[in-house]
Amino acid sequence: MKNPLKVTDWSVSKIILVVWIVFSIIFVANSARNYLQQEVYQLGVQHGMQNAVAQTISLGLQCQPVALNMGEQKVTLVNPECQQKAAPEAATE
């Protein structure tokens, strides 16, 4: 059996075919890597948002003010039910 890698037996078409296959494999591997990176990133963003919302709701249900910041913008959220409960108590004092 002849050695398939022997340079003298290689034609231009075989070289082009090998180069094409190598680049195709690299392209497919890179596309798969990019897809997986995007999926992992998206799952991380969704998980982070779910955690942030769950923590905000949890603090709100405990009648604690929730401070939210985005750059220079800051806001404090308070559960209105907690304020309504606190108002009658303050009026009776």
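Heads up: the sequence shown runs through residues 347 to 439, numbered per the numbering used here. From the three backbone atoms N, C-alpha and C, an ideal C-beta is built for every residue, glycine too.
- Where N376 falls: helix, strand or coil (DSSP): Helix.
- Query: Just how far apart, CA to CA, sit G406 and V412?
  - Reply: Those two C-alpha atoms are separated by around 7 Å.
- N- and C-terminal bounds of the beta strand (DSSP E) containing V412: That run of the beta strand (DSSP E) goes V412 to M416.
- Nearest-angstrom Cα distance between I372 and V358? The alpha-carbon of I372 is positioned some 21 Å away from that of V358.
- Query: For Y414, which residues from the same chain have a beta carbon less than 6 Å from its beta carbon, with the 5 sequence-adjacent residues on both sides left out?
  - Reply: This sequence places Leu at residue 414; Tyr is not what is there. Within the same chain, and ignoring the five residues on either side of L414 in sequence, the residues whose Cβ sits closer than 6 Å to its Cβ are V421.
- Consult DSSP for Q419 and reduce its assignment to one of helix, strand or coil. In this structure, Q419 counts as strand in the three-state DSSP scheme.
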